[in-house]
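Okay, structure first, notes after.
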Amino acid sequence: MGDVIATNQTILVVGGGISGISAAIEAAECGKQVILLEKSPSLGGRVSQLHKYFPKLCFPSCGIEINLRRIKANKNLRVITMAEVAKVTGDAGNYSVEVKIAPRFVNEKCTACGDCSNAVESEFDDEFNYGLKQRKGAYLVSNMAYPQRYVIDPRMIGSEDANKAKDACKVGAIDLQMQEESLTINVGAIIWATGWKPYDAKKIQPYGYDRFANVVTNVEFERMADAFGPTGGKILRPSDGKEAKNIAFIQCAGSRDENHLKHCSRICCMASLKQTTYVSEREGKSTVYYIDIRAIDRIDDFYQKVQADENVSFIKSKVANIIEDKDGNPILKGVDTEGYNRYENQHDLVVLATGMEPSIPADAFPMDIKINEEGFIEADESNGAIFAAGCSSDALDVNRAVQQATGAALRAIQVVNKVAGMEG
Amino acid sequence: MSEAEMKIGAYLCKGCGIGERLDMSAIAMITEREAKAHIVKEHDFLCGEEGVSLIQNDIDNEGVNRVAIGGCSRRAKTEAFTFGDIPVTRANWREGVIWIRPDTDEARETTNDMAADYIRMAVAEVKFMHKPEPNEERATNNRLLVVGGGISGMTAAVEASKAGYPVTIVEKTGALGGIAAQLHKRVPEKSPFAEPVDTGVAELIAAIDADKNIEVCLNSTLAKTDGAPGRFEVTVATESGSTEEKTFGAIVQASGFTPYDANKLPELGYGKSADVITQLELEKLVNDGAGDIIKRPSDGKQVSSVAFVQCAGQRSDKEGHLPYCSGHCCTTSIKQALYFKQSNPGIDTNIIYTDLRTPGAGGEDFYRSGQDKGVTFTKGNVSEVSSEGDSLAVKFKDLILNEDAQENVDLVVLATGMVPNSGPNIDSELTEEEKNAEEKPISILNLNYRQGSDMPQLKHGFNDSHFICFPYETRRTGIYTSGPVRRPMDIFQAKEDATGAALKGIQAIENAALGRAAHPRSGDLSFPSFQKSGCTQCKRCTVECPFGAIDEDEQRYPQFNEARCRRCGTCMGACPVRVISFKNYSVDSVGQQIKNVEMPDEFDEKPRILLLACENDAYPALDMAGMNRIEYSAFIRIIPVRCLGSVNLIWITDALNSGFDGVMLMGCKKGENYQCHFVKGSELAQIRTSKVDDTLQSLSLEPERVETHEVAITDIERIPQLINDMAATIERIGMSPFKF
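Just so you know, the protein sequences line up as chains W and L, in that order. Residues 1 to 424 in our numbering are what the first sequence spells out, letter by letter. Residues 1001 to 1740 in our numbering are what the second sequence spells out, letter by letter.
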């Protein structure tokens, strides 16, 4: 890795998902020096794993393509992947940030030709597909991966396969001796955009995510709908590979629940409504079990459109529990609160609309920062020049996350402009 | 630059298997002798340090001022192959040739043909690319104009000022504050999200008063807005009739909303009983009672029971109702129920809703706070509110008990929605209702643009454009809408939105100063130039520009406002006499690529199909087809275009005339859920190509020879299929008779 030049007029953005990318590029396009850190080998974050966006049903990779082009064209912006912040010290206008960079074992010579991947045999769970399929030990994260550079899985290091990968590379891009690097950079302001992770569905015991093969989460379902995902774009039951035609969506799975996440994750209603369109496109039927349908503000018309689809039905109910019949069909039990009728409904597949949990646990932030009870960063004077962007600040949809990240870019610019003003 | 001064270096990469798959010596000879590159060099690993310095050295020491690279896609190794402002073209041999063709003896010849054509095209293109010259339109005014002095406008002003930019707020009324100033309190935006809190309006006004960097024009409106980013010339008119000219770098439109007219809801008792009021009227009632004792309007009796009717005239397809949800009303009703609970916990407060929408961490906590304090929440549909003796009867269908129910209360609060103050809809005629209305929509900006006085609207009267990835992607560069004029929102969101809009305004100011494009072609220094001599004043460019960048001068010639331009090239595509071009993208830069494809004769059985592919969606999808080794016909020749809107019909007719057997166009989805980031480009291209039939007829060619497709970036398998289908069609209908 080349020299990283940063000063107290530099803005550091932590997290390379849609919020971090947006904050970084918006600030850089105002002429500011920006460093963007991403923990994983590639930019894009959670949205890159989505099949479509609501409400336009367009594809996230389209917006990512534009943003990547903006990044490639901007000299003010430096992207560092596989990097995590270990510690932040200092004050607004003058922070010292300790960064740890994990070894990728592939240097910048990589042309992404794929020879290393072809040479190796070992396979691991594919994180990009939430472990629903395997990938090679030498791999490119996705079709849209940026930097477009392969990665060697650290678990392969020391094996015969690792040497095969190295030998296959004609340009000397594989460096099996690569070590973790440390870097200390001086910056003026920090935008924290580490985003969210899906709530651990195993914790919702009555729904049996860890016991029943045909209970999946909404994020996994997105991968199933993708033509390059684990099922080639078909909605197949994990238990027997049969096409699922009668699908249940359980809203607020682990959200709005004092035993799990007490907040509403905002996006899950719209996400499920969107996912019913995947089912209808494939001539299946959807049943949405919900408490309130939160298709907020202007995009309520999407809800109205889905309601008009005869293949989609709605049941107002918090599902009590799920059992499985002998054929592996999940059976949902509960009470339909509109009229108080008990039900026991059989489905082919259940999709849990699990919510958003902040990626960083409240006690694991490498700096002093004000966190609310839900674990999100709260704007506060005591945070100095550390500003949350996107889902680090609240459960937000993509539009609001980008909007909020754009605002965070301005807050950071205010600080570095002040520094510049004082230094002349 | 003359031919003599032009020195083209062509660099042929043999890495990634290219050298093994292609006949490099033959291709190098073609590059030199046919394409006429001045320097031709081969390298085993061109993107490596040595390869890049080889090119840089030729630029520095050999006078190379044009670079054509044969190797990987232009989407790969972009940073390595950027050499300052030297024009660079890329022949996509990797993703576009060797990865999509089988490695067989049979395929070898056609694969080589493909690669040879791509380097011919790359050299031809770079000959017609020039360094963008500094834009004369650069202007450096850095003052931000904020239209509207409500929460959104005040926030935008304060935040921009904090970053060092001077601001002027133009407010229609006699005071700052907007509708938020009428509120008693607001929903909390920080934990513990339990009680209503101060609105913060006074604090914002005080900050503005104390800020010398912020100028406030009250009782003022915009009589005229002219110019472009960096040099908006604005006439500010005061109520008294005086006007003043001011110059601004960028504009934030925060014109807010008007509360929905509850008189349209007689079935809910509004206008019939003084005790049926809107949420906003309740705020006044509470303020009048100093927040302590809330008395009902009809007789001053202390309110002991109140019902809140959610979604009043909203989320409804009834005529005159709002089809959308206003987003804030659920938490607003909870806040208002807490006003009553705070004055006396014994007051019955019932919120009747269909879906309670309290998202995020704060929303759900606040909902629970309402529940904890005894606010009742009833899932129901209210059908009627009427006076009954001393009280109001609220009739509703209880959706939980599934039965009709009635509740008698002292006061009914209707949660009516927000109607955006977005001005007239420039894209449509006035509706009958609007024509008959006493008050017609008043222009907010009075833009002196060829394409209309205000920001285009997208849906339900809201000003917006793309509303997922790029919430501030407006269709008028340098003008950003913010707050409820964009989508319904509460105070907290309006402040967040205004901060983002202020940043975009600042960015527009910085871009204008450097003559740089805004996204999606961020940083592009090129701009459209036109030759007046050939122009026929047909006005197609001025009408079709998706961004209203082109006006007409006194002599009715197009007048380009470069700083408004987004460099999509739609004007270039529209021009029937081809007098519009960019330094680095022109009718020639694409046309010459088409002409330089080697055309085998009719009996060679090697058809040629031209594909003009949108660079944002179709072209990346084709690259990804390559990455996944999805094969497609070797007869295709692909040219990326900035937008399908930039496709000039001459390219299609020239291609057909020169013997191409088929022409394909691929662009983004159009219509209501359009995915074109130049908004209209894809749509306009489809309209234009519908006229290709005449050309085909005059040439006696089959209509199947020209196809336009809407594609997405994810059509990684579909696009190769479409190409193969076209190849099959050509095989069926036969070769073009126009080979020479």
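Heads up, the beta-carbon is just placed ideally off N, CA and C, and yes, glycines get one too. Just so you know, these numbers come straight off a predicted model, no measurement behind them.
- Taking all protein chains shown into account, residue 1212 of chain L has fewer than 16 neighbouring C-beta atoms within 10 Å of its C-beta and is therefore exposed.
- Within the stretch 54 to 71 of chain W, the residues whose Cβ lies closer than 9 Å to some Cβ of chain L are 54, 55, 56, 57, 58, 59, 60, 61, 62, 63, 64, 65, 66, 67, 68, 69, 70, listed in chain order.
- The stretch 1624 to 1634 of chain L makes no contact with the stretch 1147 to 1165 of chain L, as fewer than three CB pairs between them are under 8 Å.
- The beta-carbon separation of residue 1662 of chain L and residue 1705 of chain L, rounded to 5 Å, stays under the 8 Å limit for a contact.
- For a Cβ distance threshold of 7 Å, residue set 1503 of chain L lies close to residue 409 of chain W, ordered along the chain.
- Using a Cβ-Cβ cut-off of 8 Å, residue 190 of chain W does not count as an interface residue toward chain L, since no Cβ of chain L sits closer than that to its own.
- For residue 134 of chain W, the beta-bridge partners assigned by DSSP are W/125.
- Comparing alpha-carbon positions, the option among W/403, W/268, W/384, W/380 lying closest to residue 1496 of chain L turns out to be W/403.
- Sixteen is the threshold: since fewer than 16 other Cβ atoms of the shown chains lie within 10 Å of the Cβ of residue 1555 of chain L, the residue is exposed.
- Uninterrupted beta strand (DSSP E) stretches at least 3 residues long and entirely within the stretch 1332 to 1371 of chain L occur at 1348 to 1353, given in chain order.
- For the pair residue 333 of chain W and residue 322 of chain W, the Cα-to-Cα distance works out to about 6 Å.
- DSSP places residue 1404 of chain L outside any alpha helix (DSSP H); the residue lies instead in the beta strand (DSSP E), whose first and last residues are 1403 to 1409.
- For residue 1402 of chain L, a Cβ of chain W is located within less than 8 Å of the residue's own Cβ.
- Following the DSSP letters along the chain, one finds residue 12 of chain W inside the beta strand (DSSP E) bounded by residues 10 to 14.
- A distance of 8 Å or more separates the beta carbons of residue 1419 of chain L and residue 1270 of chain L.
- Chain W places no beta carbon closer than 8 Å to that of residue 1132 of chain L, leaving this residue out of the contacts.
- Residues of the stretch 369 to 401 of chain W whose Cβ lies closer than 7 Å to any Cβ of chain L, in chain order: 372, 373, 374, 376, 378, 394, 395, 398, 399.
- Here the C-alpha atom of residue 1331 of chain L lies approximately 11 Å from the C-alpha atom of residue 1193 of chain L.
- A direct Cα-to-Cα measurement between residue 1684 of chain L and residue 1544 of chain L gives close to 8 Å.
- Within chain L, the residues 1324, 1325, 1326, 1327, 1487, 1488, 1489 have their CB atoms less than 8 Å from the CB of residue 297 of chain W, given in chain order.
- Distance from the CA atom of residue 1112 of chain L to the CA atom of residue 1648 of chain L, rounded to whole angstroms, is 29 Å.
- Assignment of residue 1420 of chain L by DSSP, reduced to helix, strand and coil, places it in the strand class.
- Residue environment for residue 371 of chain W: buried (at least 16 other C-beta atoms within 10 angstroms of its C-beta).
- With 16 or more other Cβ atoms from the protein chains shown falling within 10 Å of its own Cβ, residue 1481 of chain L counts as buried.
- Taking the beta carbon of residue 1364 of chain L as reference, the chain W residues within 8 Å of it are 256, 262, 263, 264, listed in sequence order.
- Separation of residue 295 of chain W and residue 419 of chain W (C-alpha to C-alpha, rounded to the nearest whole angstrom) is 43 Å.
- Within chain L, the residues 1399, 1400, 1402 have their CB atoms less than 7 Å from the CB of residue 338 of chain W, given in chain order.
- When the five nearest sequence neighbours on each side are left out, the beta carbons in the same chain lying within less than 7 Å of the beta carbon of residue 87 of chain W are those of 98, 366, in order along the chain.
- Closer than 7 Å at the C-beta level to chain W, one finds these residues of the stretch 1043 to 1060 of chain L: 1045, 1047, 1048.
- Using a CB distance cut-off of 8 Å, residue 1562 of chain L does not count as an interface residue toward chain W.
- For the C-beta of residue 1624 of chain L, the chain W residues within less than 7 Å are, from N- to C-terminus, 143.
- Taking residue 1395 of chain L as the centre and dropping the five residues before and after it, the same chain places the C-beta of 1383, 1384, 1406 closer than 6 Å to its C-beta, in chain order.
- Looking at the backbone, the Cα of residue 74 of chain W and that of residue 28 of chain W are separated by about 7 Å.
- When the alpha-carbon of residue 1693 of chain L is set against those of L/1681, L/1707, L/1682, the nearest one is in L/1707.
- Interface residue (Cβ-Cβ distance to chain W less than 8 Å): residue 1594 of chain L is not classified as such.
- Less than 8 Å divides the Cβ of residue 1566 of chain L from the Cβ of residue 1517 of chain L.
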